[in-house]
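Following our numbering, the numbering of the sequence shown begins with 14 at its first residue and continues without gaps.
Each residue gets a CB set at the ideal place from its N, CA and C atoms; glycine is no exception.
All values derive from a computational prediction rather than experimental measurement.
Heads up: the structure comes next, in structure tokens.
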Amino acid sequence: MVVDNEAPEIYVNFSIKALREEVTEGEKISVFPPYVKMYIGATDRYCGTQDIFYTIDGGEKFKYGGDNSPSDNELFKDERLYEVHVEALDKLGNSGTKTLKFRVARK
């Protein structure tokens with residue numbers, strides 16, 4: 014018998030390579046151009062991923078996919094620092110989280 018108490022593993026990819034990396038508040042972050050899109054996925058070792066949610070800068074929580082996908086919308090066009098929090102749930106309710114910080118800039 015296998016007991017699944019492991020959270021899904023979260024993956025985040027961007028539509029384009031970072032322009033550069035910089036240090037902000039002692040933290041190394043990537044800098045992307047304004048047209049960057051974000052792709053989020055998760056895998057679960059035993060029972061599969063049920064849902065993926067994300068927030069941007071502590072705002073409203075969205076379910077990833079469809080019209081609310083950062084891969085389909087131009088959510089990161091303003092030149093500034095962004096913080097994206099991702100939560101993935103498997104079919105048994107185990108949850109994992111990942112937080113990313115990155116900057117959008119023209120140069």
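Secondary structure of Asn-26, DSSP reduced to three states: Working through the sequence shown from its first residue, we reach residue 26 at position 13. Asn-26: strand per DSSP, three-state reduction.
- prompt: Smallest Cα separation from Asp-64: which of Phe-45, Lys-120, Ser-108, Thr-112?
  reply: Taking the first residue of the sequence shown as position 1, residue 64 is located at position 51. Nearest C-alpha to Asp-64: Ser-108.
task: Have a look at the DSSP bridge pairing and note the partners of Arg-58.
output: The sequence position of residue 58 within the sequence shown is 45, counting from 1. According to DSSP, Arg-58 bridges with nothing at all.
field: Same chain, Cβ closer than 8 Å to Tyr-67, five either side skipped, listed in chain order
entry: Position 54 of the sequence shown holds residue 67. Closer than 8 Å at the Cβ level, and outside the excluded window around Tyr-67, lie Ile-53, Lys-74, Phe-75, Tyr-77, Pro-83, Val-97, His-98, Val-99, Glu-100.
Reduced DSSP category for Gly-109 - H, G, I as helix; E, B as strand; rest coil: Position 96 of the sequence shown, counted from the first residue, corresponds to residue 109. DSSP places Gly-109 in strand when its eight states are reduced to three.
field: For Phe-45, the nearest candidate out of Arg-58, Glu-19, Ile-29 (CA to CA)
entry: On the sequence shown, residue 45 is found 32 positions in, with the first residue counted as 1. The alpha carbon of Phe-45 has as its nearest neighbour, out of Arg-58, Glu-19, Ile-29, the alpha carbon of Ile-29.
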